[in-house]
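Using our numbering, read the sequence shown as starting at 13 and increasing by one per residue. Every residue gets a Cβ at the ideal spot worked out from N, C-alpha and C, and that includes glycine. On a predicted model such as this, the values are computed, not experimentally measured, just so you know.
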Amino acid sequence: MIRTRREYEETQRQVTEYNDLVALQRSQLEAAGLTADEVDNGLDPLLTFQAQVKDELDLYDRIRRRDFSLLHDLSDMGRLLIALRIARGLTQRELAQRLEVHESQVSRDERNEYYGITLERANEIIKALGETVRLEVEEQPLRIDFPRHISSQATQTIQRTDKVSLGESAVDTTFSSKTPVWPMVGT
13 MIRTRREYEE
23 TQRQVTEYND
33 LVALQRSQLE
43 AAGLTADEVD
53 NGLDPLLTFQ
63 AQVKDELDLY
73 DRIRRRDFSL
83 LHDLSDMGRL
93 LIALRIARGL
103 TQRELAQRLE
113 VHESQVSRDE
123 RNEYYGITLE
133 RANEIIKALG
143 ETVRLEVEEQ
153 PLRIDFPRHI
163 SSQATQTIQR
173 TDKVSLGESA
183 VDTTFSSKTP
193 VWPMVGT
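What follows is the structure in structure tokens.
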């Protein structure tokens with residue numbers, strides 16, 4: 013993730029260099045008599061890396077426009093904090109001053125994408141950025157994972173549909189041949 017304006021500008025320069033390198037390598041591979049498929053296969057790693065770099069530039073541009081749609085859950089909290097700072101137009105130094113910490117602390121935290129940050133610390137940073145973050149809870153379908161190490165003795169051939177009630181939610185489960193049989197709540 014691009015975290016500073018300087019990194020952004022350096023990445024833009026790299027994209028230009030990669031474009032030139034791809035063109036040069038393409039012409040060299042074609043001059044060597046390789047087929048179009050062989051040329052594409054030879055350039056694939058470079059093109060993949062180039063696409064990733066362009067995605068990073070795009071993400072930085074989106075964040076500067078306050079488009080946080082790529083951040084979906086609390087595991088993205090570190091990236092959200094970095095994105096909020098970028099969108100606010102603050103440097104790491106300016107955020108460090110607001111938090112009354114050394115700039116190197118903010119740099120280190122961002123380099124690690126605030127891995128292991130507490131909610132209390134995240135809230136301090138959000139306040140220092142002058143932002144408010146709202147959490148939205150969405151109901152997801154209930155997923156039941158059955159252990160894979162079930163012995164053949166624990167299975168039987170059945171065909172039935174059960175409706176399991178869990179509070180206000182209901183789950184329809186259909187069992188068919190050689191399905192593990194588990195005691196169901198409420199059956």
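Contact belief for residue i with residue j at Cβ below 8 Å, rounded distance in angstroms
i, j, result
"T16", "V65", "Their Cβ separation, rounded to whole angstroms, is 16 Å, which puts T16 and V65 out of contact at 8 Å."
"R3", "L107", "Because the chain is modelled from 13 through 199, residue 3 falls outside the range shown and cannot be assessed."
"L141", "R100", "5 Å"
"V51", "R38", "6 Å"
Boundaries of the alpha helix (DSSP H) in which residue i is found, first to last residue
i, result
"A99", "89–100"
"E115", "115–123"
"R105", "104–111"
Per-residue DSSP class, three states only, for residue i
i, result
"G54", "helix"
"A134", "helix"
"R78", "coil"
"R15", "coil"
"A43", "helix"
"D73", "helix"
"L141", "coil"
"D85", "coil"
"E148", "coil"
"Y30", "helix"
"Y20", "helix"
"L59", "helix"
"R155", "coil"
Residue environment, residue i, which counts as buried when at least 16 other CB atoms sit within 10 Å
i, result
"I94", "buried"
"D121", "buried"
"I14", "buried"
"Y72", "buried"
"Y127", "exposed"
"V113", "exposed"
"V149", "exposed"
"I156", "exposed"
"V118", "buried"
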